[in-house]
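A quick write-up on the structure given underneath.
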Amino acid sequence: MTEPSFLVTPEGRRIAYRLTDGEGPAVVFCGGFKSDMEGTKALHLQAWAERTGRAFLRFDYSGHGQSEGAFLDGSIGDWFEDARAVCGLLAGPLLLVGSSMGGWISLLLAREMGARVAGLVGIAAAPDFTEDSMWGGFNAAQREALQRAGQVILPSDYSEEPYIITRRLIEEGRRRLVLRDPLELGFPVRLLQGTADVDVPPSVALRLLDHATGPDIRLTLVKGADHRFSTPECLRMIEQAVEELLAR
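Counting from 1, one number per residue, gives the positions in the sequence shown under full-length UniProt numbering.
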C-alpha cells in the first residue's frame, strides 16, 4: 500500500489522510475514539468509492493511526479541528459519515459548515460521550483520581491496552457538547444503531433523534448488532445509507 498523504493543520498538527478522486459530493469518513482510517468501515467505503467513482476522504486524527502526536494529548476539540482541516482539502458539498466519536465530530462539522453539508450518516454516533458516558459513569474514586492525578484508567473491550482518560479530554469536551443547545440539521440524516451496542446504547441514538431538528432525520435500529457495526449486513446498510443520501 502506498504511503498516506499528510497535511499540517492551522494548529500545527501533522495529519495523515487518503483522498480518492471522483464525483461529488465527496464522502468524508470520521472514525471513532482510538480507531484509525484502516478500520473495516473506512476500508469498505474506500472500496465502494473506487467501485462507483465517488470522491472519498478518510484520515487519522492527531495521536491516531499514522498521524503525528500523542493520543493522551488530544481532545474532542483537537480532533474536530483536524477533521475541519482535512475537509478544507475538498471543494463543494460534503457527505459526512461518522462512526461513534466520529458521529460527534461530524455533528460539530455540520454545525460549523452549515449549507456545505449535503447529508450525514451516523453509525452508533456518540455525541457528548466524554460528559454523559465517561464523566457521568465515573464513581467518586475515579472522579477524585481524575482531578488529583489528571487521568483515570479504564479497561478496553477492543484491545489489551486500557483506555487512559485525561482530565483535559473531559474538561475540553464540555466546550464541544451538542445535546445541550439547539441542534438544527437542515439536510438529510441517517442514524444507524445496533440494539446490542453496550458502548453507545440505543438510548443515545434516541436522545439524538429527539433532540435534533431538521426536515429529514431517520433512525434505523438493527437488532443484535454491536458497536462495531461491521458485519457484511451492517456494512451494506452503511453503503445503502450513503447511496440514498447521494441520490438526493
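Every residue gets a Cβ at the ideal spot worked out from N, C-alpha and C, and that includes glycine.
So for residue i, helix, strand or coil by DSSP?
i, result
"Leu230", "The sequence shown places Ser at residue 230, rather than the Leu named in the question. Note: Ser230 maps to coil in three-state DSSP."
"Thr195", "coil"
"Arg29", "Contrary to the premise, residue 29 reads as Phe rather than Arg in this sequence. Phe29: strand per DSSP, three-state reduction."
"Val222", "strand"
"Glu68", "coil"
"Leu19", "strand"
"Val189", "strand"
"Thr130", "helix"
"Gly12", "coil"
Considering only C-alpha positions, which residue in the set the options is nearest to residue i?
i, options, result
"Tyr61", "Gly69, Ala55 and Arg54", "Gly69"
"Ala91", "Pro162, Ile217 and Arg116", "Arg116"
"Leu235", "Gly122, Phe6 and Ile165", "Gly122"
"Lys34", "Asp157, Val189 and Val222", "Asp157"
Under 9 Å between the Cβ atoms of residue i and residue j?
i, j, result
"Ala83", "Ile105", "yes"
"Phe71", "Gly63", "yes"
"Val97", "Val200", "no"
"Ala49", "Thr20", "yes"
"Cys30", "Gly119", "no"
"Leu219", "Ala196", "no"
What are the boundary residues of the beta strand (DSSP E) that includes residue i?
i, result
"Ser5", "Ser5 to Val8"
"Ser99", "Leu94 to Ser99"
"Arg58", "Arg54 to Phe59"
"Val151", "It is worth fixing the name first, because residue 151 is Gln in this sequence and not Val. Element bounds for Gln151: Gln151 to Leu154."
"Leu206", "Looking at the DSSP string, Leu206 is not in any beta strand (DSSP E); the run it does join, the alpha helix (DSSP H), is Pro202 to His211."
The alpha helix (DSSP H) spanning residue i covers which residue range?
i, result
"Val117", "From DSSP, Val117 is part of no alpha helix (DSSP H) but of the beta strand (DSSP E) over Val117 to Ile123."
Check your understanding: Counting Cβ pairs closer than 8 Å, one from the stretch 222-236 and one from the stretch 147-154, do we hit at least three?
Key -> No, because fewer than three Cβ pairs between the stretch 222-236 and the stretch 147-154 fall closer than 8 Å, the two stretches do not touch.
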